[in-house]
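K.L.:
My questions all concern the structure below.
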Amino acid sequence: MKLIADHVTYQYNKGTEQEIYALKDVNFVIRPGEFIGLIGHTGSGKSTLVQHLNGLLMPDAGTIYFDGEDITEKGYDKKKLRSKVGLVFQYPEHQLFEETVFADVCFGPKNMGLSRKEAELKAYEALKKVGVEEIYFDQSPFDLSGGQKRRVAIAGVLAMQPEILVLDEPTAGLDPKGRKELLERIRKLREKDGITVILVSHSMEDVAEYVDRIMVMNEGRLLYDAPTKEVFSHYKELEEIGLMAPQVTYVMRDLEEAGLPVSTEATTLTQARDEILKAFGRKM
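Each number in my numbering corresponds to the 1-based position in the sequence shown with 8 added.
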């Protein structure tokens, strides 16, 4: 199902001296099965934007459409919307509240009207998908490590079987191993279940490795919306708004300037390796 933003504008402190535009005339279409990266410096409007996608915030102007319906219309079923467009907050503590991990993940399905048995089955499946072991099921979610809390928060959303999963900085604070493991699980979820994923991240390496399309926010506006390689080809423009391209981008540019016949479109280590070996005439 498509999710469409049509000329979305949003202001904080509207009508006061502290009035500020968080979103300005934002337009895009998110199609089924896409893996999208949403990037931008702090204060660019990323978090405000994702809270519009499932109706936590309503635009001051413009419209959000989901499956052809205007979610801003009076009487629109936002409870149903939030089961279809699942948002995982940057800080998992903001959405963990039950006494045990298992009870927390069961909450969403139960709230959708599923029976206890059905809810427990959905919770069990979701926890397994994100790699939470059964020894943690009866523990308090607040006793877990930061990485485990994030997994439980994601499982709580997945248990409702959303069509779109929005992840706001899901790897913040994780070590490289934990970050890679979590993102690999998300990639597999997308490939196996066909779920649409929107990844909000400050890590350009993570974005380059996993997403197919990047949306760049700057001062409340959508600056770029294009395939990953195309966006990172504008690395100088990204630098001007406080963002960096992946380190590989700069390495490949330097190699090209040094006379090595490599493609500067490489944005991941694997792509860079292939290009370098090709330039030296070696078979893969």
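All residues carry an ideal CB built from backbone N, CA and C; glycine is no exception.
Short of 8 angstroms in beta carbon distance, which residues of its chain neighbour residue 272, apart from the five on each side in sequence? Order them along the chain.
P.N.:
As a first step, residue 272 must be located in the sequence shown, where it is residue number 264. Cβ neighbours of residue 272 beyond the five flanking positions: 241, 257, 260, 261 and 264.
K.L.:
Less than 6 angstroms between C-beta atoms, sequence neighbours within five positions excluded: which residues of the same chain meet that for residue 187?
P.N.:
Counting from 1 along the sequence shown, the entry for residue 187 is found at position 179. Here the set comprises 179.
K.L.:
To the nearest angstrom, report how far apart residue 18 and residue 285 are at their CA atoms.
P.N.:
The residue given as residue 18 occupies position 10 in the sequence shown. The residue given as residue 285 occupies position 277 in the sequence shown. One C-alpha to the other measures close to 49 angstroms.
K.L.:
Which of the three DSSP states is assigned to residue 291 in this structure?
P.N.:
Start at 1 with the first residue of the sequence shown, and residue 291 comes out as number 283. With a pLDDT of 47 at residue 291, under the threshold of 50, the predicted position of this residue should be treated as unreliable, though the coordinate-derived value follows. If DSSP states are grouped into helix, strand and coil, residue 291 belongs with coil.
K.L.:
Output needed for residue 291: all residues of its chain with C-beta closer than 6 angstroms, excluding positions within five of it in sequence on either side, in chain order.
P.N.:
By one-based count along the sequence shown, residue 291 stands at place 283. Because the pLDDT at residue 291 is just 47, under 50, the model does not fix this residue reliably, and the point stays unresolved.
K.L.:
If you draw a straight line from the C-alpha of residue 214 to the C-alpha of residue 95, how long is it?
P.N.:
Numbered from its first residue, the sequence shown carries residue 214 at position 206. Numbered from its first residue, the sequence shown carries residue 95 at position 87. So the alpha carbons of these two residues sit roughly 19 angstroms apart.
K.L.:
Less than 8 angstroms separating the beta-carbons of residue 34 and residue 229?
P.N.:
Mapped onto the sequence shown, residue 34 falls at position 26. Mapped onto the sequence shown, residue 229 falls at position 221. The answer is yes: Cβ separation under 8 angstroms.
K.L.:
For residue 120, does the three-state DSSP call read helix, strand or coil?
P.N.:
What you label residue 120 is simply residue 112 of the sequence shown in a count that begins at 1. In the structure shown, residue 120 sits in coil (DSSP, three-state: anything other than H, G, I, E or B).
K.L.:
Does DSSP classify residue 43 as helix, strand or coil?
P.N.:
The sequence position of residue 43 within the sequence shown is 35, counting from 1. Residue state for residue 43 is assigned as strand, using DSSP reduced to three classes.
K.L.:
Identify which residue in 75, 153, 82 and 189 has its Cα closest to the Cα of residue 109.
P.N.:
Within the sequence shown, residue 109 is the residue found at index 101, counting from 1. Minimum Cα distance to residue 109 is reached at 153.
K.L.:
What does DSSP give as the partner residues of residue 258 in its beta bridges?
P.N.:
Taking the first residue of the sequence shown as 1, we reach residue 258 at position 250. Partner(s): none; residue 258 has no beta bridge.
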